[in-house]
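Protein sequences appear in the order of chains A and B. So for the first sequence, the working numbering puts the first residue at 1334; every next one is plus one. So for the second sequence, the working numbering puts the first residue at 1334; every next one is plus one. Virtual Cβ for every residue (Gly too), placed ideally from N, Cα, C. These notes are about the structure you will find just below.
Number of protein chains: 2
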Amino acid sequence: MKRAVVLLSGGIDSTTTLAIAIAEGYEAYALSFDYGQRHQIETEAASRLAKLLGTKEHRIAKIDMRIFGGSALTDNIDVPKKRSDVEIGKGIPVTYVPARNTIFLAYALAWAEVIPARDIFLGVNAIDYSGYPDCRPEFIKAFETLANVGTKAGVEGRRFQIHTPLINLSKAEIIRKAVEFGVDLSRTHSCYDPSPEGLACGKCDSCLLRLKGFREAGTTDPIAYVTK
Amino acid sequence: MKRAVVLLSGGIDSTTTLAIAIAEGYEAYALSFDYGQRHQIETEAASRLAKLLGTKEHRIAKIDMRIFGGSALTDNIDVPKKRSDVEIGKGIPVTYVPARNTIFLAYALAWAEVIPARDIFLGVNAIDYSGYPDCRPEFIKAFETLANVGTKAGVEGRRFQIHTPLINLSKAEIIRKAVEFGVDLSRTHSCYDPSPEGLACGKCDSCLLRLKGFREAGTTDPIAYVTK
């Protein structure tokens, strides 16, 4: 059975990506990160979903990205709230975590080399999150090149491939795909700044894009919000 | 003052690279890793040398590479001993750590983005360690491309540069350079498998290459060995 490492945050995108990898016949090795997020809800969601969807293994790598800071998700910077679509579309937001996807993919590559697997799945999309440079096709292509020159397996002829099945989809299209694959979206978590009880804030960019996606997909978001 | 992130393991190569970066006028931000090495001697050596050479800051990122294993340096695989030059020169050794330099450079890039710095120094060399795919110029070039498409700073026009001043030098040439820059080589640590007291084993590939380098440089290695 062919194996794949799937990066899993527990949000809609990575969970749908995991469902796609499994549907394509891969034995899935899910990889999540405990990287000094402001909350552990993200890794809990990932663990739940890894079990629910049926991964072969799920590992959570502890990495300390707080030592560098520089992002609203890892530092003492406020998560912006209630931004308009125009504001969200402009530039690179403070929730950008320096080199995050480079670090995530580097770990995925290390695990893929050991398993061994030659396929890595990543749920980035370049549409709603055009602000993040490490969600663009150029970045994915550059990482694929790196993987093939920088590893023992690559040099010995295994061709690593980074799969990004959602990269050209809008959030609404991703939600439709999730529903089609039977993903239980009530178990996913997207909020950058949840309440102490774990409710989504309904105001950060991630909640706003999620809610907009559900509206455009003509369906209702099953998770609970503080306000929306 | 221009700033640079310098990857520092506490071995001869990375310490000499740090000395070069400082001599070139950079304010040095040294970065080391506690990555489940079999010993902590490496990070202690790095801390000592960072102080001695005069870095602006020294950080040790804790990363768990044991969760993947797959290397004699992170897993229950014996470190090979007493290999001949021919054996050392053949293929990729079991001390290769999957995707290690990709992970190290990803962290260096994250820190460089935050500091901010556009220069990263890495003490790889392609001569004595031709077996490690992530020590070759092709890999460095691929990472530089990745850095410039995958970060906010890169997209906004900061050109990241990965400096590898030792890449074409033999171990003997590096040792001569270290002496020229006044590096106290008695404080460096290279052994893959030191004794509980911290003495170098004198038999692993790293010790053998180090000792050969000193011989070829016509000078004596000042560190203590169990046997040599």
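Counting along the chain, A/Y1440 sits inside the alpha helix (DSSP H) bounded by residues 1433-1447. If you check the CB distance, A/S1523 and A/S1503 do not come in under 7 Å. Under the 8 Å Cβ criterion, the stretch 1352-1368 of chain A counts as touching the stretch 1379-1396 of chain A, having at least three qualifying pairs. In terms of beta-carbon proximity, B/F1454 stays away from the interface with chain A, with every pair separated by 7 Å or more. At least one CB of chain B lies nearer than 7 Å to the CB of A/E1471. Listed in chain order, the non-local C-beta contacts of B/E1446 below 8 Å within the same chain comprise T1484, K1485, A1486, local neighbours out to five positions each way being set aside. The beta-carbon of B/V1457 is placed no less than 7 Å from the nearest beta-carbon of chain A. Assignment of B/R1451 by DSSP, reduced to helix, strand and coil, places it in the coil class. As the crow flies, the alpha-carbon of A/A1405 is around 50 Å from that of B/R1416. Rounded to the nearest whole angstrom, the CA to CA distance from A/E1375 to B/H1496 is 37 Å.
In the three-state scheme derived from DSSP, where H, G and I count as helix and E and B as strand, A/K1415 is classed as coil. A/S1519 places its beta carbon less than 7 Å from that of A/P1555. Assignment of alpha helix (DSSP H) within the stretch 1521-1547 of chain A, counting only whole runs of 4 or more residues, yields no such run. Residues of the same chain with a CB within less than 6 Å of the CB of A/G1535, apart from the 5 flanking positions on each side, are Y1558, V1559, T1560, K1561 in chain order.
Here the C-alpha atom of A/R1492 lies approximately 10 Å from the C-alpha atom of A/V1482. Counting every other CB atom within 10 Å of its CB across the protein chains shown gives A/G1424 a total below 16, marking it as exposed. If you look at B/R1509, you'll find it in the alpha helix (DSSP H) that goes 1504-1513. In the DSSP assignment, B/R1381 falls within the unbroken alpha helix (DSSP H) covering 1374-1386. Residue burial is scored here from C-beta neighbours: A/V1338 has at least 16 other C-beta atoms within 10 angstroms and is therefore classed as buried. The C-alpha of B/Y1359 lies about 9 Å from the C-alpha of B/T1388. At a beta-carbon threshold of 7 Å, the residues of chain A lying near B/V1488 are P1466, ordered along the chain. For A/K1389, the three-state secondary structure derived from DSSP is coil. Cβ contact annotation for A/G1402 (same chain, cutoff 6 Å, sequence separation greater than five): D1408, in chain order. Around the Cβ of A/A1378, a 10 Å sphere holds 16 or more other Cβ atoms; the residue is buried. Annotation: B/R1548 to B/L1542 spans about 10 Å, alpha carbon to alpha carbon.
By the criterion of a C-beta distance shorter than 7 Å, A/I1345 is surrounded in its chain by I1507, I1508, A1511, L1518, T1521, S1523, R1543, once the five residues flanking it on both sides are discounted. Shown here for A/T1349: same chain residues with a beta carbon closer than 7 Å to its own, the five before and five after excluded, namely G1456, L1499, I1507, K1510, A1511, F1514, V1516 in chain order. A straight-line Cα-Cα distance of about 17 Å links B/A1443 and A/A1441. B/D1367 has B/K1395 as its beta-bridge partners, per DSSP. Rounded to the nearest angstrom, the Cβ distance from A/L1386 to A/I1353 is 10 Å, too far for a contact under 8 Å. For B/I1353, the enclosing alpha helix (DSSP H) stretches over residues 1345-1356. Separation of A/E1471 and A/T1552 (C-alpha to C-alpha, rounded to the nearest whole angstrom) is 33 Å.
Close CB contacts of B/A1361 within its chain, under the 7 Å cut and outside five residues either way in sequence, are with A1337, V1339, L1351, A1354, I1355, T1388, K1389 (chain order). Residues of chain A whose Cβ lies closer than 8 Å to the Cβ of B/M1398 are, in chain order, A1443. For B/A1480, the enclosing alpha helix (DSSP H) begins and ends at 1470-1483. Excluding its 5 nearest sequence neighbours in each direction, B/I1473 has C-beta neighbours in its own chain below 6 Å: I1495, T1497, listed in chain order.
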